[in-house]
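Numbering (UniProt numbering), first residue to last: 1 to 328.
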Ligand SMILES: Nc1ncnc2c1ncn2[C@@H]1O[C@H](COP(=O)(O)OP(=O)(O)OP(=O)(O)O)[C@@H](O)[C@H]1O
Ligand SMILES: [Mg+2]
């Protein structure tokens, strides 16, 4: 899932059991996610039971964490991400997956990576966010001028990197509202801003939920528990909207969506774009590109980017029946 690399807590994406009382958890090397979440027990009665009803009477002005757009900035677009000759292996087997990836993303750009099944797209994005299944064996990654590979996963999130995983996970026992509130507060804390109590957070959250067409009833449900594929993806975009990341990596945000849901999610992503943030999306489908309109399209094969162009590259390859466009 995407559950954002957001807070300073962690959970395992692959284990749909409630977080243990001895959290914060360190994810096992084999788990597929890196988020961190306090256990419901540790969050305590105040957080879980005494939360105000989700209908506030007052609107509260809220400062966003500093990673959001800064209207006072000027000058040419800055480089957000610079990946050079990145190589990575699977920790468990030593199998090489990334074989020299090169990619530069400036702020304000939308990049799409396409490529057939197993070409390394998800691995690349997981390596960027610091997934423990992979070990970097060569190359460099600079994010906003800092060495990303030296940073812990949660620090990468705090620095403004967000990832929506291909398969969003459930977090039983943790309500969506509490999860989002914790993730947001972890980010604020890092920025030296005071934490937002639930009522104020609700005022910040509700317009964002409306923007992604998310029914407020989903806030009271456990994270992704029983959510349909489309609802999970929408929830991912809500997390992104709340965290206001500088670079959002969206791994197959379109998978499992019907045409209407795809339109909603894609439009929600478009609504989050500013001249200062960027999106790196992974997809097999032209239909997503038609709505989000990436400025750059890359084709990945066998762990490296073998072709780069604009939207016309995707269209041309689709015409030629390139396998990136079919999910086998
Ligand atoms: N943790 C892992 N353990 C074992 N094999 C892995 C692991 N992660 C990736 N792989 C293998 O690495 C290769 C690349 O996988 P990856 O998920 O990056 O492909 P992908 O391009 O995202 O494919 P798809 O389009 O199907 O999502 C595949 O052969 C996959 O089985
Ligand atoms: Mg994948």
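Yeah, the Cβ is synthetic: ideal placement off N, Cα and C, and Gly gets one too.
- When rounded, the separation of the alpha-carbon atoms in residue 260 and residue 234 is 12 Å.
- With respect to the 7 Å criterion, residue 249 and residue 119 are not classified as neighbours on the basis of their beta carbons.
- Look at residue 90: its beta carbon is less than 6 Å from one of the heavy atoms in ligand 1.
- Segment contact: the segment 289-297 against the segment 81-98, fewer than three CB-CB distances shorter than 8 Å; contact not assigned.
- Proximity annotation: ligand 2 has residues 121, 122, 166, 251, 252 and 282 in chain order, each selected because its CB is closer than 7 Å to a heavy atom of the ligand.
- The beta carbon of residue 222 sits closer than 8 Å to the beta carbons of 170, 171, 172, 173, 174, 175 and 176 from its chain, once the five residues preceding and following it are set aside; these are given in chain order.
- Taking 7 Å as the cut-off, the beta carbon of residue 113 is found closer than this to the beta carbon of residue 282.
- Taking each of 141, 137, 228 and 134 in turn and checking the Cα distance to residue 168, the smallest one comes out for 228.
- For the pair residue 121 and residue 300, the Cα-to-Cα distance works out to about 7 Å.
- Counting other Cβ atoms within 10 Å of its Cβ, residue 194 stays below 16 and is therefore classed as exposed.
- Within the DSSP secondary-structure output, residue 90 pairs in a beta bridge with 134.
- Runs of the alpha helix (DSSP H) lying entirely within the segment 259-296, each at least 4 residues long, are 259-272 and 286-292 in chain order.
- Residue state for residue 167 is assigned as coil, using DSSP reduced to three classes.
- A contact between stretches requires three or more CB pairs, one per stretch, nearer than 8 Å, and the segment 264-284 meets this requirement with the segment 96-114.
- Rounded to whole angstroms, the separation of the alpha carbons of residue 123 and residue 252 is 13 Å.
- By the Cβ criterion, the segment 135-144 is in contact with the segment 89-107, since at least three pairs of Cβ atoms, one from each stretch, lie closer than 8 Å.
- Listed as beta-bridge partners of residue 84 by DSSP are 140.
- Within the same chain, 140 and 141 come within 8 Å of residue 147 by CB-CB distance, once the 5 residues on both sides are set aside.
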